[in-house]
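Working notes, beginning with the structure itself.
In UniProt numbering, the protein residues as written are 1 to 554.
Structure representation (structure tokens):
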């Protein structure tokens, strides 16, 4: 066995055969970078509790496992930051290889992704302490209290799971949807008050959801080799996304999995009688209900999927829409009755939060200096207005998929494009953003055809946002390395958002100008032709044939 670039065995690269000879050097470099990145990202948490990895109490026979060491914050920061940089470089090289014809084999991709996911599930979560909040809210609910009212630090008795919540959330009731809370409670009951076991059960659920999402994306990609390759590279073998979503054990993975399942169930059934497809559409609605009941913004996936099918025959569209609504309500209504009247109290408060990585922090600070608390109170309205502008600009750039033919492939591309438009609005316009909030953007990026520059900017954003929140825990000792990462959060992340917004609005403006010039030239030619054609000839030429669509009807 020979050792290739970046210390990765040649055997690793040979497992992903496929594509032209031109793609092989680029493919090999990409796989070397991606594998190296994954190793660097998982090593710190395997060493033990650190600035990135919250402690889980005494080690036991059960996972997650670590070596029980305490790596220095500087070492953790260097390893994680280097890993995310290599991941971004590897993704860019892998996308180049795909454009050169690389088509990784599905079975090998699934095996490799399963091994990577399993490795992350067997070590402690890292990059944030959110999983401790999930466990605490589930424990509070399991003990008979309302996690939407009771904050962890107000719990009257000593409890290892509830007391493990870290700053800044120890005084905050749950902000998560009722479906999420129900799952937290179930896992807390299974964990029986053991912090390590409760967290590991949650990690296992997240890992399964990540792999299920990849399998569903393959199903949506159909037989399109390029799109299948993008599923492999951008989702299943993406070490940055794996580290953020699975390594961080974030709830967003479950919302994404449910949303993608709903999309597949709504779009893919195209044959057979309507009554035969109704149960699948009801299940699609139930899946969308699970996604929205986990995290409300994931309703965007349902909206994108409905947009994809809205050109179907009216009767079919009506039945599909009604069935999906029935399925969604069947999930959401009982869940909200169970959750009680305070389910969205903290969500309303969270709508006024502003994160450091957002460029709007500076804007809000200036507005607060001028207008006081009124500026903070107006934050949700300002966010909504900017989100609408982002959606309109993105919609202007990515015109709807032409319906010269209606089929599953067209609808999948339409759904992906609609989801990209909707999901970009949140990370670009929202005042409070975190790396794992970009999950639906990557679902859309897998299936959509996007400009090369935007693809590069989103890969860069993934790395910059991830590095911005290295090491991850809020209450850690300060060091030169952590201060540098804080600088990235204060400067690089907001600048990149502004760059993306600038590109988006500039592209939309160019599109408007280009269409204006085209219409102007068309009118000039029409007027010139009209001046040289007799009225009788004009009447013979101009009438539109019945049933022939206009070019702008696409």
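From the three backbone atoms N, C-alpha and C, an ideal C-beta is built for every residue, glycine too.
Straight-line spacing of the CA atoms in residue 368 and residue 374 works out to 7 Å.
Between the alpha carbons of residue 44 and residue 208 lies a distance of about 23 Å. Bounds of the alpha helix (DSSP H) holding residue 363 are 360 to 371. When C-beta atoms of the segment 191 to 208 are compared with those of the segment 121 to 134, three or more pairs fall below 8 Å, so the two segments count as touching.
For the 8 Å CB-CB criterion, residue 281 and residue 324 form a contact.
The three-state reading of DSSP puts residue 38 in helix, counting H, G and I together. Judged by DSSP secondary structure, residue 213 falls within the alpha helix (DSSP H) whose first and last residues are 195 to 221. In the DSSP assignment, residue 128 falls outside any alpha helix (DSSP H), carrying neither H nor E. With contact defined as three or more Cβ pairs closer than 8 Å, the segment 442 to 457 and the segment 409 to 417 are in contact. In the structure shown, residue 188 adopts helical secondary structure according to DSSP, grouped into three states. Bounds of any alpha helix (DSSP H) do not take in residue 491, whose DSSP letter is neither H nor E. The segment 90 to 110 makes contact with the segment 26 to 33; the number of CB pairs closer than 8 Å reaches 3 or more. Look at the beta carbons and you see the segment 270 to 284 not touching the segment 210 to 225: under three pairs across the two are nearer than 8 Å. Within the same chain, no Cβ atom closer than 7 Å to the Cβ of residue 273 is found once the five residues on either side in sequence are excluded. Excluding the 5 residues flanking it on each side, residue 346 has same chain C-beta neighbours closer than 8 Å at 148, 172, 173, 174, 175, in chain order. The beta carbons of residue 504 and residue 421 sit about 10 Å from each other, so the pair does not count as a contact at 8 Å. Taking the C-beta atoms as reference points, residue 263 is found nearer than 8 Å to residue 305. Taking all protein chains shown into account, residue 67 has fewer than 16 neighbouring C-beta atoms within 10 Å of its C-beta and is therefore exposed. Contact check for residue 74 and residue 178: beta-carbon distance about 42 Å, past the 8 Å limit, so the pair fails to qualify.
In this structure, residue 439 keeps its C-beta atom at 8 Å or more from the C-beta atom of residue 87. CA-CA distance, residue 481 to residue 51, rounds to 11 Å. Counting only runs of at least 3 residues, the segment 372 to 433 fully encloses no beta strand (DSSP E) element at all. Taking the CA atoms as reference points, residue 135 sits about 7 Å from residue 161.
Here residue 152 is buried, its C-beta having at least 16 other C-beta atoms within 10 Å. For residue 295, the number of other beta carbons within 10 angstroms of its own is at least 16, and it is reported as buried.
In the three-state reduction of the DSSP assignment, residue 25 falls in the helix class. Following the DSSP letters along the chain, one finds residue 356 in no alpha helix (DSSP H), marked with neither H nor E. Looking at the backbone, the Cα of residue 242 and that of residue 441 are separated by about 15 Å. Boundaries of the alpha helix (DSSP H) around residue 443: 439 to 447. From the listed residues 499, 472, 498, the smallest Cα separation to residue 486 is found for 472.
Around residue 64, the same chain offers 56, 121, 122, 123, 124, 125, 196, 199, 200, 203 as residues with beta carbons nearer than 8 Å, after the five sequence neighbours per side are excluded. Residue burial is scored here from C-beta neighbours: residue 436 has at least 16 other C-beta atoms within 10 angstroms and is therefore classed as buried. Residue 302 and residue 290 have their C-alpha atoms some 11 Å from each other.
Between residue 432 and residue 353 a beta carbon distance of about 4 Å is seen, short of the 8 Å cut, so the two are scored as contacting. A distance of 8 Å or more separates the beta carbons of residue 365 and residue 494.
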